[in-house]
Amino acid sequence: MIYKKKVEDEERYEHFRIIEGVYIAEKDNYILLKRIVESIMAICGIFILSPVLIIISILIKIDSKGPIIYSQERLGVNGKRFRVLKFRSMVVDAEKGGPQWATKDDNRITKFGHFIRKTRIDELPQLLNILRGDMGIIGPRPERPIFTEKFSEEIPNFRDRLVIRPGLTGWAQVNGGYDITPREKFELDMYYIKNMSVLLDMKILVKTIKVVITGEGAR
1 MIYKKKVEDE ERYEHFRIIE GVYIAEKDNY ILLKRIVESI MAICGIFILS PVLIIISILI
61 KIDSKGPIIY SQERLGVNGK RFRVLKFRSM VVDAEKGGPQ WATKDDNRIT KFGHFIRKTR
121 IDELPQLLNI LRGDMGIIGP RPERPIFTEK FSEEIPNFRD RLVIRPGLTG WAQVNGGYDI
181 TPREKFELDM YYIKNMSVLL DMKILVKTIK VVITGEGAR
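For the sequence shown, the UniProt record's numbering begins at 1 and goes up steadily by one.
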């Protein structure tokens, strides 16, 4: 048993069966292999990208005052809380008025922040989260507890996206972008959960690389 989540209904997903009201991964071998492969990829990524990470860190310091990396509480598999790491792309006091949902043309984003968000390289520090087991490379993006609570009241079964380990990139990210609505994001996340496979993971990786290189998302 790898992942589980209490549920109230009898909906069945391709990779999960329900036993006494709990989702349990049926394809444990696939998920275990995915975890091992993603850990190896994270180690290789940190080693290969280390010069890039250093350059990005320097440019962030030149661009604006504040720390290079910031951490934020997110929800992982089964609602487990952890601190996600990111390159800072916003001004230091970005949430002085309280938590806010980021938008495409958010005026809190720094000049260099626009670039690293557009290319998704602000997420690279999460390679460390992957090594720690908080996340995988591919899966639904981890959401903040306050927004998960809010969206759960507005979107039926929103917490179902917590049934698997969150990811550095996902189906919603390569088919949406930062301007995607929470409902659209949820629908894309659930599509991945219901259809997760090696081929789908490869497709997401290829589309992610395209976004990083071109800076162009699906929309």
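We put the beta carbon where it would ideally sit given N, CA and C, even for glycine.
Source: prediction; values computed, not measured.
Between the CA atoms of residue j and residue i - distance to the nearest angstrom
i, j, result
"glycine 21", "aspartate 160", "Because the pLDDT of glycine 21 is 41, which lies under 50, any placement of that residue in the model is unreliable, and the number read from its coordinates should be weighed accordingly. Answer to the nearest angstrom: the Cα atoms are 13 Å apart."
"arginine 132", "phenylalanine 87", "18 Å"
"isoleucine 46", "aspartate 106", "29 Å"
"serine 152", "arginine 183", "10 Å"
"isoleucine 43", "isoleucine 213", "21 Å"
"threonine 148", "phenylalanine 158", "8 Å"
"tyrosine 23", "valine 77", "With a pLDDT of 44 at tyrosine 23, under the threshold of 50, the modelled position of this residue cannot be trusted, and the question is left open."
"isoleucine 48", "isoleucine 209", "15 Å"
"serine 64", "serine 57", "11 Å"
"proline 156", "valine 37", "33 Å"
"leucine 168", "leucine 59", "22 Å"
"aspartate 179", "lysine 150", "18 Å"
"leucine 200", "asparagine 29", "17 Å"
"asparagine 195", "serine 50", "33 Å"
"phenylalanine 186", "glutamate 154", "11 Å"
"methionine 41", "threonine 181", "30 Å"
"serine 197", "glycine 79", "23 Å"
"valine 52", "valine 206", "20 Å"
Cβ-Cβ separation, residue j to residue i (assumed contact under 8 Å), whole Å
i, j, result
"valine 211", "proline 142", "Their Cβ separation, rounded to whole angstroms, is 19 Å, which puts valine 211 and proline 142 out of contact at 8 Å."
"leucine 75", "leucine 162", "6 Å"
"serine 71", "isoleucine 130", "Rounded, the Cβ-Cβ distance is 15 Å, inconsistent with contact."
"arginine 165", "methionine 202", "Incorrect: roughly 18 Å between the Cβ atoms, too far for contact."
Close beta carbons around residue i, own chain, < 8 Å, minus the five adjacent residues each side
i, result
"glycine 170", "Ile138, Gly139, Pro140, Arg141, Leu188, Asp189, Tyr192 and Ile204"
"arginine 81", "Glu73, Arg74, Leu75 and Pro145"
"arginine 120", "Thr169, Gln173, Thr208, Val211 and Val212"
6 Å CB neighbourhood of residue i in its chain, flanking five on each side removed
i, result
"valine 92", "Gly66"
"isoleucine 54", "none"
Residues near residue i by beta carbon distance below 7 Å, same chain, minus five either side
i, result
"serine 89", "Ile109, Thr110, Gly113, Ile116, Arg117 and Asp122"
"proline 125", "Ile69, Leu85, Lys86 and Phe87"
"isoleucine 62", "none"
"leucine 128", "Leu85"
Start-to-end residues for the beta strand (DSSP E) that takes in residue i
i, result
"arginine 81", "81-87"
Residue i: first and last residue of the uninterrupted alpha helix (DSSP H) it sits in
i, result
"threonine 208", "198-214"
"isoleucine 193", "182-195"
"valine 174", "171-175"
Which ranges does the alpha helix (DSSP H) cover as unbroken runs of at least 4 residues, wholly within the stretch 98-163, from first to last along the chain?
111-118, 126-132 and 145-154
Restricting to runs no shorter than 3 residues, where is the beta strand (DSSP E) found entirely within the stretch 19-80?
22-25 and 69-75
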